[in-house]
Amino acid sequence: MQLFIITGTSQGLGLSLAERALKEGFTVISIGRKCPVQNADHTFIQHDLASPDQLKEKLNTALSKLKEKNFTAIHLINNAAVVTPVGHIESFSWTDISSHMNVNLLMPIYLTSLFLEATKAWDCQKVIANLSSGAAVRPIDGWAMYCTSKSGLKMFTDCLSGEKKDVKTLNFNPGVMDTNMQSTIREQDEGNFSRVSEFRELKEQNRLAPTDKVAMCLIKLLREHDQIQKNWYDVKELTT
Ligand SMILES: NC(=O)c1ccc[n+]([C@@H]2O[C@H](COP(=O)([O-])OP(=O)(O)OC[C@H]3O[C@@H](n4cnc5c(N)ncnc54)[C@H](OP(=O)(O)O)[C@@H]3O)[C@@H](O)[C@H]2O)c1
16 MQLFIITGTS
26 QGLGLSLAER
36 ALKEGFTVIS
46 IGRKCPVQNA
56 DHTFIQHDLA
66 SPDQLKEKLN
76 TALSKLKEKN
86 FTAIHLINNA
96 AVVTPVGHIE
106 SFSWTDISSH
116 MNVNLLMPIY
126 LTSLFLEATK
136 AWDCQKVIAN
146 LSSGAAVRPI
156 DGWAMYCTSK
166 SGLKMFTDCL
176 SGEKKDVKTL
186 NFNPGVMDTN
196 MQSTIREQDE
206 GNFSRVSEFR
216 ELKEQNRLAP
226 TDKVAMCLIK
236 LLREHDQIQK
246 NWYDVKELTT
């Protein structure tokens, strides 16, 4: 039996990951503002991931109820993220900047800390997967916040891999997917995001992957965690 803790399961890839893990008979803890999943093996922690308040207590309570299950592996998937604010840096307010960084960068770091501390005594394989992007490794005009947060998260993951030899730690690039994040990107003004037409074409040409396919690839990689040998995986190199 394996346990998956997944952030941002209201929609998009996070929802597909929760559904896939449950379909395969695993136990899931979801963390986010809302979640449509109803299943006996599913625990929902309602939480705004822009804030740390009481998250420790909520996570510890959920984990303490599952402690006796003797999982062979427990996974933390830091999936929740936002792409906004998009545009010129001088137009971003402190709230825009801090809220983006809280969700995309500080929360995955904080959750990793809570996860490692809460499960210190659990005798099983621990796996931490952080959702990455091509934006983590190359600058994109108008996406300074998203590139910076994803690049920071990649560096954090790489540091963690060096520090925690007994924990499997990886960055996972899901590629472009047909989600609300892509709708938000397509809605941008060309003045704010010079490459917007490329992203509109991706949708018109049906080149956005369905999230259930991507979720199958990631859950397969994680459930067969003995095979994880590096800390960067791209969906293109995986099979379902
Ligand atoms: N879509 C792509 O093409 C693409 C490409 C490369 C990488 N990625 C990465 O893949 C991951 C999943 O993306 P996606 O496309 O599935 O995104 P999405 O459809 O926009 O879903 C994002 C999820 O994050 C949650 N979230 C955002 N802010 C939150 C907050 N303050 N508190 C709680 N939950 C919050 C959302 O919940 P609410 O519904 O409550 O807002 C939602 O469940 C992200 O890490 C993204 O950066 C996506």
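Positions in the sequence shown are counted from 1; adding 15 to them yields this note's numbering. Virtual Cβ for every residue (Gly too), placed ideally from N, Cα, C. Since the model is a prediction, treat every value here as computed from it, not as a measurement.
Quiz item: Three-state secondary structure (DSSP) at residue 230?
Solution: helix
Quiz item: Do the CB positions of residue 16 and residue 84 come within less than 8 Å of each other?
Solution: yes
Quiz prompt | Where residue 173 falls: helix, strand or coil (DSSP) | solution = helix
Quiz item: Quick one: is residue 158 buried, meaning 16 or more other Cβ sit within 10 Å of its Cβ, or exposed?
Solution: buried
Self-check item: Delimiting residues of the alpha helix (DSSP H) encompassing residue 245
Solution: Element bounds for residue 245: n/a, residue is neither H nor E.
Self-check item: Between the CA atoms of residue 227 and residue 32 - distance to the nearest angstrom
Solution: 7 Å
Exercise. Please confirm whether any heavy atom of ligand 1 lies closer than 7 Å to the CB of residue 189.
Key: yes
Quiz item: For residue 42, which residues of its own chain have a beta-carbon under 6 Å away from its beta-carbon, when the five flanking residues on both sides are left out?
Solution: 18, 56
Exercise. Going by CA-CA distance only, name the one from 132, 71, 237 that's closest to residue 255.
Key: 237
Exercise. Could you name the residues that DSSP lists as bridge partners for residue 47?
Key: 61
Self-check item: Candidates 73, 122, 90, of which the one nearest residue 97 by Cα
Solution: 122
Quiz item: If you check the beta carbons only, do residue 197 and residue 218 fall under 8 Å apart?
Solution: yes
Quiz item: Since residue 142 is in the alpha helix (DSSP H), which residue starts that stretch and which ends it?
Solution: Note, residue 142: premise wrong, no alpha helix (DSSP H); beta strand (DSSP E) at 140-146.
Quiz item: According to DSSP, is residue 53 helix, strand or coil?
Solution: coil
Quiz item: Beta carbon of residue 195: closer than 7 Å to some heavy atom of ligand 1?
Solution: yes
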